[in-house]
Each structure stands twice: as structure tokens, then as C-alpha cells.
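Student: Quick one: structure below, then a few questions.
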Amino acid sequence: MNKINGRQMILALLAALLPPIASAGQPAGEFCPEIYARGTLQAPFNVAFLHIQKFNTPAGGKSDGLLMSSFFNAVKDPEGRKVQAFSQRDLVARLPDLNAVNFETFDGARDIQVLTDLDGVSRQVWPNETSRVPDGVLPFEAIISPQGFQSTPRAGRLTLINLDDPKLTEYIVHQSSYQPPRCEPGSEDNQPWFYHDSRFVDMDGDQLRDLVTVRSSFIVAGGFCPPTGQLVWFKNPGEAIAPDKPWEEFILVDKKPKPGGPEVNMNMHDFDGDGIPEVVASHFFKYDGITIYGAPEGGSWADVDPVNGPFVRQKDIMRGQGNPFAVEIVDLNLDGRLDVLTSNHQGDQCFEVTSSEIQGRVIAIEQPADGKLFDSDWVVHVIKDNIRATPTFPEPERGPGRLAPNRAVAFWPTRMLEDSSRPWLVVGGDEAAKVWILKPRYPLDSERWEYEASVIFDINDHYGPGTTQRLMTDPQGISISTIGGLAWRYDQPGPLGMAEFYLPVFEARDIHVFSFRPVVDQAPVNCPADVYPACPE
Numbered sequence: 004m005n006k007i008n009g010r011q012m013i014l015a016l017l018a019a020l021l022p023p024i025a026s027a028g029q030p031a032g033e034f035c036p037e038i039y040a041r042g043t044l045q046a047p048f049n050v051a052f053l054h055i056q057k058f059n060t061p062a063g064g065k066s067d068g069l070l071m072s073s074f075f076n077a078v079k080d081p082e083g084r085k086v087q088a089f090s091q092r093d094l095v096a097r098l099p100d101l102n103a104v105n106f107e108t109f110d111g112a113r114d115i116q117v118l119t120d121l122d123g124v125s126r127q128v129w130p131n132e133t134s135r136v137p138d139g140v141l142p143f144e145a146i147i148s149p150q151g152f153q154s155t156p157r158a159g160r161l162t163l164i165n166l167d168d169p170k171l172t173e174y175i176v177h178q179s180s181y182q183p184p185r186c187e188p189g190s191e192d193n194q195p196w197f198y199h200d201s202r203f204v205d206m207d208g209d210q211l212r213d214l215v216t217v218r219s220s221f222i223v224a225g226g227f228c229p230p231t232g233q234l235v236w237f238k239n240p241g242e243a244i245a246p247d248k249p250w251e252e253f254i255l256v257d258k259k260p261k262p263g264g265p266e267v268n269m270n271m272h273d274f275d276g277d278g279i280p281e282v283v284a285s286h287f288f289k290y291d292g293i294t295i296y297g298a299p300e301g302g303s304w305a306d307v308d309p310v311n312g313p314f315v316r317q318k319d320i321m322r323g324q325g326n327p328f329a330v331e332i333v334d335l336n337l338d339g340r341l342d343v344l345t346s347n348h349q350g351d352q353c354f355e356v357t358s359s360e361i362q363g364r365v366i367a368i369e370q371p372a373d374g375k376l377f378d379s380d381w382v383v384h385v386i387k388d389n390i391r392a393t394p395t396f397p398e399p400e401r402g403p404g405r406l407a408p409n410r411a412v413a414f415w416p417t418r419m420l421e422d423s424s425r426p427w428l429v430v431g432g433d434e435a436a437k438v439w440i441l442k443p444r445y446p447l448d449s450e451r452w453e454y455e456a457s458v459i460f461d462i463n464d465h466y467g468p469g470t471t472q473r474l475m476t477d478p479q480g481i482s483i484s485t486i487g488g489l490a491w492r493y494d495q496p497g498p499l500g501m502a503e504f505y506l507p508v509f510e511a512r513d514i515h516v517f518s519f520r521p522v523v524d525q526a527p528v529n530c531p532a533d534v535y536p537a538c539p540e
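For what it's worth, our numbering labels the leading residue of the sequence shown as 4, then goes sequentially.
Next up, the structure:
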């Protein structure tokens, strides 16, 4: 098959499989993907971050499971300003086998397996991007739970959940302390730390994959420290692992080299092919940047001395695009080089304390063409702009108020398009209360970065107009306004597998499932108009 015919076949497949259609709320001729609502799964708790990963089955195989974290199951006062009680503890849970889910008979209390604090002792502290630990890292199947956030009254932590143990024993990796801060950059007294994300990589060449993460200090009782961040790794103890034995800690970036360590999101990849992966991580609280970090030239990560050197190599690959959120590493334009896909996290632009020069964006960052990761500039493409949160409600006394969007994730509508067409993107709106699909306008052209965007889900469209601007009566003081961290998978193995999305609505405790696979006797979704409630006058 020659190159021209191959391109024509791909274009024909895209046109036949996914034709643009005109929908209600969408002017004729504008993009709306042919996607179907499969059903809704209701949980007995707020659903925050979702991940779909392979879990071991009793028969010895693996199945797609849905991993979820939950926090801030709160009851507020009638004005929605003060927390009066918590209706559910922070937790980690999963649906072990998505293929076994029956939407008609689903019962969240029965079918969702809670994995933490089964003895009634509340240990989890605001779990964030939980994930299954890769095979071979530990002597048991496990989940890593990075924990903590600014508004929690307890210190953050990193723990492992042993899935092979009927008691689901929790293993401590790190427990930060809770002590009065000195507010000095780099000071250990700037604890407690909170953790959001993690990866597993052999950092010291002992053939054991260690835990790599970033962490931030935050508001603590009695005062506020300017946020600091650190890039750290924890040494895998191997056979010496024990539930109550913390892992040995190594700081890679603290206050040196300037501008200091990252804070929230991170990812890893060996961009230069030297066998030692680099870290790409965000500065969310300290300044508006994403930085690539590398081991010292000619050395390894184990050679780093964060006080006296050798220091890590580093370069800001993006600045001035607002507060960066997620970091995904993927080839977005089929040029054979991996890019960084990110989003920022900006305010509603309605009040003086929630306004910013930069609005919410989805952003692609290209490697330098010359391959000089730490010397040459990376190329930044804004691929969706003008995203904002629905108006903060009630009106805030101070910022930041509601923020949007959440993470952007690359996908292909069907597996047969992988490696032959640019990926599409799905974007969770967080407190924009929407989910978007972004389709590359030129799927075979690596030089063009234009995308067509369409809303496939809107809280105010699904639950009723103005839902995001009303307080619920049960529990009082909470509004349904947040899309959590979404996840996707192919619905079946092989080239005919089609993309299926799991979209959590945090306060409603719902997980909405959409698929590119047609549903019998059902029309595709009508794409809501991309509009926001008006700001209060």
C-alpha cells in the first residue's frame, strides 16, 4: 500500500466512523462527535480522581478496573461557607471488573469495593491521583495513594495498599509531620507536605524501582508559609518492606538549584534515550511554570546532592500560561517525538479576587527540534483557550474561588487509528462543569495544531439550568459544580476496540459513562452549547 493510498484510507475511515453531525445547542456544521451515553454509576461518596488500570483476577488473568479516590464528603452551613460535618471519610475504592458492570442492576454500595480504613480508623488524608503499582515493583499487588491538600486538618502522606492481603493492609512510605513552620524556603519545618502524583523508576541502579514524586508545603494552623516544593524519591526497601517502616528519602531538588522544586503534578520519560528518564513537573503555587529535570550530565539520579551539588539539570519548558495542572507525555502530532500535554487551572473571571490575565487553557509543548532538552526552547501551542469556571458560589471573600479546567488526556476513538492518526483529546472541566472532546482538524499533518472542540457533557445541561449556582439541601451548602479527574479505555481488545469514557461528577456522586460504540435503539448525544452562567452583577 503506497503512502498516498494509506493516507486516503485513514481519512476515509475517520469520515465514515466519526462524521460531524448537527446537534441541539450546536449550530449546523459545527463539530459534535458521534458518541453515546451508556449509563450512570452512582457511588455512596464523592468521586474525585479516576484511573482505569489492569488488576489481577482470581482466575490468574487481568481485567480493566476503575480506581477512584474520594474526599471532602462535607456538610456545610446553609450559606455554604463553613463545614459543619463530614458524611463520609476520605477513601480509595475500585470497581474490580468494568466488563462485568450492569448499568440496570448496579448498586454502588454493593459493587464498589472500598479499599481503605476497613477497621474504622480514618487514616487516609485527601487521596489524590491513586494508581496501581506496576507489576514487579513490590512482592504483592498494590495501589499507591498520594495524600494531603491545603484544606485538610491533618498532614499529608504516601501509602501503599496491599491488594493480596484480605485485610488490605496499608504500608507507609512517608508520613509528613505537623509542626509550626519557620517559613524559610527549603526548611524541613515547612511541613506538612502534601502529595498528588507519583511514578516508579529505578533511581539508584539496584534493579528495584523506587518511588518518585513531588510535594508541596501548604497552609498550616497558626500561619501561612509561601508555598515551597521538592522533587524527591523514596528507596524501594525490597524484601525488607514492612507496613510500619517508612522508605528512605532522597531529596533531588529543594531550594537549589533555583527556582527550587516543583509542587503538584509530574510525569517521567527518557526523552534523550540515555537510559535515565527525565522528570517533567509543574509549579502550581509558586509560579506559573512547567520544568524538565534531568540527572547530572554523565551521571545518575543517585549522584544528586541538593545542597552542594552535583545538582539536577533543569529548564522551564513553559512559563506565563497560568497555573499548570496535569502533565501527560504523548506524541500529539505523529512526528515521532513525544510532547507534553497539559492544562492550566484558572479562575472564573467574575470577581476581582477570582480574575486573572490568563484564562483556562489546554496546551501542547513540543520538544526542541535540535534535541537539546535543557538548552533550547520548547515550543508552546495553546490548543483550546477561554475556558473558565462557572461563577464561584457563594461569592468568595478571597481567591482563588472556583478553578478550571482539570486534566487533558489523549485518546483515539478506535484502537485501529493508533500510530496512523493524531490522537484526539478529552478535557475534564473541573469547576467549568463541562467535558470537551477536541478533534485534530488535520489528523495526518504534524505541522498543524488546530482542533475542533465540542462539549459532550455539561452539569447545567444534565442536572438542570443553574445547577452549579444552587446550594443542595441534602447536604446543605454544597452545589453540584465539579467534574473530577476522568478516565478512558478501549471497550474491548483488538483493533475494533472503541473509546469509552468515565466522567465523575464530584458532588452528585455520579460517574457518567460515554462511548463511541453505538448503542442499540439510541441516538448519539446532543452536544450542549459551550456557554457559562452569567457572572453576578
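Even for Gly, the Cβ is constructed at its ideal location relative to N, Cα and C. These numbers were taken from a predicted model, which means no experiment stands behind them.
Report yes if the CB atom of LYS238 is closer than 9 Å to the CB atom of MET206, and no otherwise.
Tutor: Your numbering for residue 238 matches position 235 in the sequence shown. Your numbering for residue 206 matches position 203 in the sequence shown. Going by C-beta atoms, LYS238 is nearer than 9 Å to MET206.
Student: Considering only their Cβ atoms, is the gap separating GLN150 from TYR198 smaller than 9 Å?
Tutor: In the sequence shown, the residue the question calls residue 198 occupies position 195. In the sequence shown, the residue the question calls residue 150 occupies position 147. For the pair TYR198 and GLN150, the CB atoms are nearer than the 9 Å cut-off.
Student: Looking at the secondary structure, which residues open and close the alpha helix (DSSP H) in which HIS465 lies?
Tutor: Position 462 of the sequence shown holds residue 465. Note, HIS465: alpha helix (DSSP H), 462 to 465.
Student: What do you get for ASN409, buried or exposed, if any count of 16 or more other CB atoms within 10 angstroms of its CB means buried?
Tutor: Residue mapping note: residue 409 aligns to position 406 of the sequence shown, counting from 1. The residue in question, ASN409, is buried, as its Cβ has 16 or more Cβ neighbours within 10 Å.
Student: Got a sec? Which residues, its chain only, sit under 7 Å from ASN389 by beta carbon, not counting five neighbours each side?
Tutor: Looking up residue 389 in the sequence shown gives position 386. Taken in chain order, the residues that qualify are GLN362.
Student: What is the rounded straight-line gap between the Cα of PRO536 and the Cα of PRO399?
Tutor: Here residue 536 is taken as the residue at index 533 of the sequence shown, counted from 1. Here residue 399 is taken as the residue at index 396 of the sequence shown, counted from 1. Rounded to whole angstroms, the gap between the alpha carbons of PRO536 and PRO399 is 17 Å.
Student: If we count the other Cβ atoms within 10 Å of its Cβ and call it buried at 16 or more, is ALA411 buried or exposed?
Tutor: The sequence position of residue 411 within the sequence shown is 408, counting from 1. When all chains shown are included, ALA411 counts as buried.
Student: Going by the beta-carbon positions, is the gap between PRO406 and GLN349 smaller than 9 Å?
Tutor: Position 403 of the sequence shown, counting from 1, holds the residue named residue 406. Position 346 of the sequence shown, counting from 1, holds the residue named residue 349. Note that residue 406 corresponds to Leu in the displayed sequence, not to Pro. Contact: yes.
Student: For a test of the three-state rule: what should DSSP assign to THR393, helix, strand or coil?
Tutor: In the sequence shown, residue 393 corresponds to position 390, counting from 1. In the structure shown, THR393 sits in coil (DSSP, three-state: anything other than H, G, I, E or B).
Student: According to the Cβ coordinates, are MET269 and VAL256 closer than 9 Å?
Tutor: Here residue 269 refers to the residue found at position 266 when the sequence shown is read from its first residue. Here residue 256 refers to the residue found at position 253 when the sequence shown is read from its first residue. If you check the CB distance, MET269 and VAL256 do not come in under 9 Å.
Student: For ASN336 versus SER449, is the C-beta distance shorter than 9 Å?
Tutor: Sequence index remark: in the sequence shown, residue 336 carries index 333 (1-based). Sequence index remark: in the sequence shown, residue 449 carries index 446 (1-based). Contact: yes.
Student: From PHE509, VAL382, ASP100 and ASP213, pick the residue whose C-alpha is nearest to that of ASP433; which is it?
Tutor: The count along the sequence shown starts at 1 and reaches residue 433 at position 430. Nearest of PHE509, VAL382, ASP100 and ASP213 to ASP433, Cα basis: PHE509.
Student: Touch check for the stretch 116 to 127 and the stretch 90 to 100: three-plus C-beta pairs under 8 Å?
Tutor: yes
Student: Return the Cβ separation of ASN131 and SER72 in integer angstroms, given the expectation that the two are a contact with Cβ distance under 8 Å.
Tutor: One-based indexing of the sequence shown puts residue 131 at position 128. One-based indexing of the sequence shown puts residue 72 at position 69. Right, their Cβ atoms sit about 6 Å apart.
Student: Please tell me whether GLU266 has its Cβ less than 9 Å away from any Cβ of chain B.
Tutor: The chain labelled as chain B is not found in the depicted structure, where only one protein chain is given.
Student: GLY111 lies in the alpha helix (DSSP H); which residues open and close that run?
Tutor: Position 108 of the sequence shown, counting from 1, holds the residue named residue 111. Residues 111 to 114.
Student: Candidates GLY339, PRO371, THR357 and ARG322: which alpha carbon is nearest SER346's?
Tutor: Stepping through the sequence shown from its first residue, residue 346 is reached at position 343. Ranking the options by Cα distance to SER346, first place goes to ARG322.
Student: Would the stretch 306 to 325 and the stretch 247 to 263 be scored as touching if the rule is three or more Cβ pairs under 8 Å?
Tutor: yes
Student: Helix, strand or coil, according to DSSP, for GLY292 in the structure here?
Tutor: Residue 292 sits at position 289 when you count from the first residue of the sequence shown. Strand, per DSSP.
Student: Candidates ASP338, PRO394 and GLY325: which alpha carbon is nearest GLU355's?
Tutor: Here residue 355 refers to the residue found at position 352 when the sequence shown is read from its first residue. It is PRO394.
Student: Does THR471 pass the burial test, meaning 16 or more other C-beta atoms within 10 Å, or should it be called exposed?
Tutor: Numbered from its first residue, the sequence shown carries residue 471 at position 468. Answer is buried; the Cβ neighbour count reaches 16.
Student: Quick one: Cα of GLU331 to Cα of ASN311, how far?
Tutor: If you number the sequence shown from 1, residue 331 lands on position 328. If you number the sequence shown from 1, residue 311 lands on position 308. Between GLU331 and ASN311, the C-alpha separation is close to 32 Å.
Student: Less than 9 Å between the beta carbons of GLY292 and ARG316, yes or no?
Tutor: Here the question's residue 292 lines up with position 289 in the sequence shown. Here the question's residue 316 lines up with position 313 in the sequence shown. Cβ atoms of GLY292 and ARG316: not closer than 9 Å.
Student: Is it buried or exposed, LYS85, if we count other Cβ atoms within 10 angstroms and call 16 or more buried?
Tutor: Position 82 of the sequence shown holds residue 85. Looking at its Cβ environment, which holds fewer than 16 other Cβ atoms inside 10 Å, LYS85 is exposed.
Student: Could you tell me whether the Cβ atoms of PHE109 and LEU44 are closer together than 9 Å?
Tutor: Indexing the sequence shown from 1 puts residue 109 at position 106. Indexing the sequence shown from 1 puts residue 44 at position 41. Remark: C-beta atoms of PHE109 and LEU44 approach each other more closely than 9 Å.
Student: In angstroms, rounded to a whole number, what distance separates the CA positions of THR119 and PRO246?
Tutor: If you number the sequence shown from 1, residue 119 lands on position 116. If you number the sequence shown from 1, residue 246 lands on position 243. Each residue's Cα considered, the two are about 14 Å apart.
Student: What does the alpha-carbon distance come out to for the pair ALA158 and TRP196?
Tutor: Position 155 of the sequence shown, counting from 1, holds the residue named residue 158. Position 193 of the sequence shown, counting from 1, holds the residue named residue 196. Distance from the CA atom of ALA158 to the CA atom of TRP196, rounded to whole angstroms, is 7 Å.
Student: To the nearest angstrom, report how far apart PRO280 and ASP477 are at their CA atoms.
Tutor: Translated into the one-based positions of the sequence shown, residue 280 becomes position 277. Translated into the one-based positions of the sequence shown, residue 477 becomes position 474. Each residue's Cα considered, the two are about 48 Å apart.
Student: Have a look at the DSSP bridge pairing and note the partners of ILE459.
Tutor: Sequence index remark: in the sequence shown, residue 459 carries index 456 (1-based). DSSP output for ILE459 lists no bridge partner at all.
Student: Can you tell me the Cα-Cα spacing of VAL523 and PRO446, whole angstroms?
Tutor: Position 520 of the sequence shown, counted from the start, is the residue given in the question as residue 523. Position 443 of the sequence shown, counted from the start, is the residue given in the question as residue 446. Going by the C-alpha atoms only, they are around 29 Å apart.
Student: Report the CB separation of PRO299 from PHE314 in whole angstroms; it is logged as a contact under 8 Å.
Tutor: Along the sequence shown, one-based indexing puts residue 299 at 296. Along the sequence shown, one-based indexing puts residue 314 at 311. About 7 Å; that satisfies the 8 Å criterion.
Student: For TRP129, name the three-state secondary structure that DSSP assigns.
Tutor: Counted from its first residue, the sequence shown places residue 129 at position 126. For TRP129, the secondary structure class from DSSP, reduced to helix, strand or coil, is coil.
Student: For ALA46 versus GLY111, is the C-beta distance shorter than 9 Å?
Tutor: To locate residue 46, count along the sequence shown from 1; it is residue 43. To locate residue 111, count along the sequence shown from 1; it is residue 108. Taking 9 Å as the Cβ cut-off, ALA46 and GLY111 qualify as a contacting pair.
Student: How many Å lie between PHE414 and LYS442 at the Cα?
Tutor: Looking up residue 414 in the sequence shown gives position 411. Looking up residue 442 in the sequence shown gives position 439. Each residue's Cα considered, the two are about 10 Å apart.
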